[in-house]
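Residue numbers (UniProt numbering), protein chains in the order written: chain A, 1 to 295; chain B, 1 to 328.
Think of the CB as a built atom: it goes at the ideal place given N, C-alpha and C, for glycine as much as any other residue.
In structure tokens, the structure reads:
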């Protein structure tokens with residue numbers, strides 16, 4: 001018995017064609033796959049850095065200044081250290097500092113953003129003034145000042161990077177809270193006699209969670225790049241650590257000798273890592289934002 | 001009238017921020033492990049006795065309480081006396097003045113180039129939404145935004161100086177020539193690579209922003225109406241689009257002074273360009289407190305000025321701001 005009418009048949013055929021022959025993915029699936037790939041890359045770097053022995057970054061004068069090859073994909077430097085191992089370990093350090101710094105910044109942004117939006121005009125003015133103050137000094141100069149004041153080293157970089165990345169996210173969160181606070185359902189809720197705390201935790205906070213996570217991931221790239229920059233300038237991590245900034249500033253002395261791989265690969269790897277965080281953050285925002293999630 | 005009030009308000013806010021910045025940086029530096037006497041003496045450490053150290057400290061008023069020190073320091077700043085740079089042994093303002101001219105040339109070129117090219121790229125991308133060129137520009141901008149400025153500088157240095165040999169490796173002026181004998185063309189020659197680095201990095205933000213704005217504008221009703229009237233292509237974008245996206249682009253470009261300054265610090269370090277950025281790094285590394293504080297203040301004034309110019313242009317051109325900002 002033919003129960004299927006003509007149009008349904010075509011739809012089924014179409015579905016089969018899509019499903020079996022071309023494997024055409026919808027946008028959501030594509031985004032999930034790309035995000036998953038980037039996440040795997042980052043986790044892979046972290047694990048690889050732990051697994052790699054310190055042998056590769058030990059001085060080895062039999063293997064000085066080698067150009068990239070199969071046994072040393074990124075080449076070796078003037079002390080015979082394997083640049084691939086150094087780069088991976090450097091990236092892992094960068095990711096750790098980035099994680100720490102962006103967590104601190106996001107918490108500061110959340111607290112200040114909420115306070116600005118809910119605690120009255122005076123607090124709002126004070127916080128927006130504070131945001132302006134932090135944004136008024138060139139970011140790199142502020143980082144240098146903090147690093148110098150704290151006497152340089154890892155402590156200086158971490159504190160500097162952690163304490164200077166909250167202003168823009170604070171503005172975003174403040175605007176978000178303002179918007180939710182004046183929306184119809186919050187007004188209704190208030191008229192029904194719900195308390196401040198109830199509204200904050202049941203209505204406002206759920207709206208902020210996506211901002212919180214996306215903000216956390218999107219601060220990462222900035223934090224990592226700033227850490228590398230400040231280390232490159234000589235204020236940050238100690239020269240003994242295989243940080244990307246250290247590797248690149250050391251490489252400057254050997255560029256004239258034509259050892260391009262010393263700078264090229266470590267910098268490129270940093271770029272890829274930063275971009276991976278960007279992609280994850282942007283895609284999460286697309287998925288979490290109901291306006292764009294079903295496009 | 002309203003527009004003047006708006007700008008005056010902004011300027012007043014800038015002043016309070018600067019005062020606060022003075023206080024914060026002073027407290028920070030006061031509590032830092034840097035010993036100003038030690039930083040001043042530097043290499044002459046062995047030849048300076050304990051009594052002489054105390055004399056220097058007394059001479060600078062370092063034995064007085066912090067608040068008193070701050071008042072005398074702030075008073076001097078107001079009168080335009082930023083103190084003496086410890087590493088260059090000349091007044092801080094002289095160092096900053098000399099260095100800033102070099103940096104301004106660098107930043108000015110990069111600012112103009114990145115503004116113009118960024119805007120054009122944004123318009124091209126926005127007009128061709130979803131096409132190959134749009135995706136290419138977007139990809140290029142997003143990648144650049146993730147690129148460490150100093151690494152890009154190193155790559156350009158390798159390509160143009162080491163491989164092609166077109167440019168010198170480092171040094172803002174030729175070696176062995178007195179600074180007053182350096183010709184303008186030589187200065188320009190040494191400016192090209194760092195300016196190129198900053199311009200390449202600088203286009204990303206403005207291009208992405210312009211693209212988004214143009215897309216928003218192209219979806220509006222008056223564009224639909226213009227299309228219905230038979231307008232299309234470049235003419236349509238020029239007449240209705242560009243006017244609307246020009247203003248935010250200009251504001252954004254003026255608001256980018258902070259990143260521009262940071263970028264120039266890195267670019268100057270890579271190319272050994274003798275600008276303010278290099279002085280910042282030197283002052284920081286060698287503990288030259290007066291110079292560092294001077295640079296912090298001057299760079300903040302630089303950023304504030306950028307924002308203020310942007311605001312002024314906006315308030316003059318945009319009638320909505322002129323009528324007050326009640327809607328914001």
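At a C-beta separation below 9 Å, residue 34 of chain A has no neighbours in chain B, since its nearest C-beta there lies roughly 13 Å away. The contact set of residue 263 of chain A on chain B, defined by CB atoms closer than 8 Å, consists of 151, 154, 155, 158 in chain order. In the DSSP annotation of this structure, the continuous segment of the alpha helix (DSSP H) that includes residue 297 of chain B starts and ends at 289–317. Identification of chain B residues near residue 212 of chain A by a Cβ-Cβ cut-off of 7 Å yields none; the smallest Cβ-Cβ distance measures about 22 Å. Under the Cβ distance rule, residue 144 of chain A counts among the residues neighbouring chain B, one pair being separated by less than 7 Å. In the displayed model, residue 73 of chain A falls within coil according to three-state DSSP, outside both helix and strand. Residue contact with chain A for residue 284 of chain B: present (Cβ-Cβ distance below 7 Å to some residue of chain A). In the DSSP secondary-structure assignment, residue 194 of chain B is not bridged to any residue. Ranked by Cα distance from residue 278 of chain A, the options A:37, A:28, A:44, A:121 are led by A:37.
Each residue's CA atom was taken as its position, placing residue 250 of chain A and residue 100 of chain B some 27 Å apart.
Look at residue 234 of chain A: its C-beta is under 7 Å from a C-beta on chain B. Nearest to residue 127 of chain A by alpha-carbon distance, out of A:95, A:139, A:109, is A:109. Three or more beta-carbon pairs separated by less than 8 Å link the stretch 166–184 of chain A to the stretch 116–131 of chain A, which places the two stretches in contact.
Identification of chain A residues near residue 82 of chain B by a Cβ-Cβ cut-off of 7 Å yields none; the smallest Cβ-Cβ distance measures about 15 Å. For a Cβ distance threshold of 7 Å, nothing in chain A lies close to residue 223 of chain B: the least Cβ distance comes to about 21 Å. Look at residue 91 of chain B here: in three-state DSSP terms it is strand.
Interface with chain B (7 Å Cβ-Cβ cutoff): residue 183 of chain A is excluded.
Taking the CA atoms as reference points, residue 317 of chain B sits about 15 Å from residue 5 of chain B. For residue 281 of chain A, there are no neighbours in chain B by C-beta distance under 7 Å, as the nearest C-beta there is about 11 Å away. With contacts defined as CB atoms closer than 7 Å, residue 193 of chain B and residue 271 of chain B qualify as a contacting pair. In this structure, the beta-carbon distance from residue 86 of chain B to residue 255 of chain A does not fall below 7 Å. Counted as a single uninterrupted DSSP element, the alpha helix (DSSP H) harbouring residue 134 of chain A occupies residues 120–136. Around residue 226 of chain B, no beta-carbon contact reaches into chain A at under 8 Å, the shortest distance being about 26 Å. For residue 77 of chain A, the closest alpha carbon among the candidates A:92, A:281, A:260, A:192 is that of A:260. Per DSSP, reduced to three states, the secondary structure at residue 84 of chain B is strand. When DSSP assignments are scanned along the stretch 101–183 of chain B, the uninterrupted stretches of alpha helix (DSSP H) that are 4 or more residues long and fall wholly within it turn out to be 132–145, 149–156. By the C-beta density criterion, residue 227 of chain A is buried, having at least 16 other C-beta atoms within 10 angstroms. When A:73, A:160, A:208, A:157 are compared, the shortest CA-CA separation from residue 285 of chain A is found for A:208. In summary, the residues of the stretch 108–136 of chain A whose CB is separated from some CB of chain B by less than 8 Å are 129, 132, 133, 135, 136, in the order they occur in the chain. At a cut-off of 4 residues, the continuous stretches assigned as alpha helix (DSSP H) that sit fully inside the stretch 239–296 of chain B are 242–254, 257–271, 276–285. Against chain A, the beta carbon of residue 295 of chain B has neighbours under 8 Å at 141, listed in chain order.
Check the Cα spacing between residue 153 of chain B and each of B:246, B:269, B:102: the tightest is with B:269. For chain A, none of the residues of the stretch 88–109 of chain B brings a beta carbon within less than 7 Å of one of its beta carbons. Per the DSSP secondary-structure output, residue 82 of chain A pairs in a beta bridge with A:76.
When DSSP states are grouped into helix, strand and coil, residue 261 of chain A belongs to the helix group.
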